[in-house]
Structures are given as structure tokens and as C-alpha cells.
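Chemist:
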Amino acid sequence: RVTLENGHQVICYTGGKMRKHHIRIIAGDNVSLEMSPYDLTKGRITFRHIAGRSGPPPARR
Numbered sequence: 108r109v110t111l112e113n114g115h116q117v118i119c120y121t122g123g124k125m126r127k128h129h130i131r132i133i134a135g136d137n138v139s140l141e142m143s144p145y146d147l148t149k150g151r152i153t154f155r156h157i158a159g160r161s162g163p164p165p166a167r168r
């Protein structure tokens, strides 16, 4: 679930290259998303904004 700046909650999934390259999203990350004009309760996450996050990437299995 993603909470928008106006307070609404949208159910989202990762799409495109985020899914292909296994980009992880952690609670609290700022993301860009696309929403369908037909159903405003669902969306697709297209980009994760990295503002002040630093440190090593998560360990691979």
C-alpha cells in the first residue's frame, strides 16, 4: 500500500524494470507511481527515489 501526499491509500505493485532487476522497496521510501484513470485505488510503482539512504545494498541469497 502506498499513501499519497493527500492522504489517500492506493494498492500498488512494482512494474517494468523494477521487477526485472529485483529493486527492493522498503516502507518509508518515496516512489513515483502510475495510476489508471479507470480505477483510482490501484497503481504501479515506476521509480524509487533515493534521498538520504546510504549504506550497503541488501545481501543476496
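Here the sequence shown stands for residues 108 to 168, where the numbers follow our numbering. C-beta: ideal position from N, C-alpha, C; glycine also.
Please check if any C-beta of chain D sits within less than 9 angstroms of the C-beta of T153.
Modeler: In the structure shown, chain D does not exist; there is a single protein chain.
Chemist: What does a CB cutoff of less than 8 angstroms around R108 pick up in its chain, not counting 5 residues either side in sequence?
Modeler: If we look at R108 and ignore the five residues flanking it on each side, its Cβ neighbours are Q116, V117, I118 and C119.
Chemist: When we look at the beta-carbon of I152 and count the other beta-carbons within 10 Å, is it buried (16 or more) or exposed?
Modeler: So I152 counts as buried.
Chemist: Taking the alpha helix (DSSP H) that R126 belongs to, which residues open and close that run?
Modeler: Residues K124 to K127.
Chemist: Roughly how far, in whole angstroms, is the beta-carbon of S139 from the beta-carbon of F154, given that I think they are within contact range, below 8 angstroms?
Modeler: Yes, S139 and F154 are in contact; Cβ-Cβ is about 4 angstroms, under 8 angstroms.
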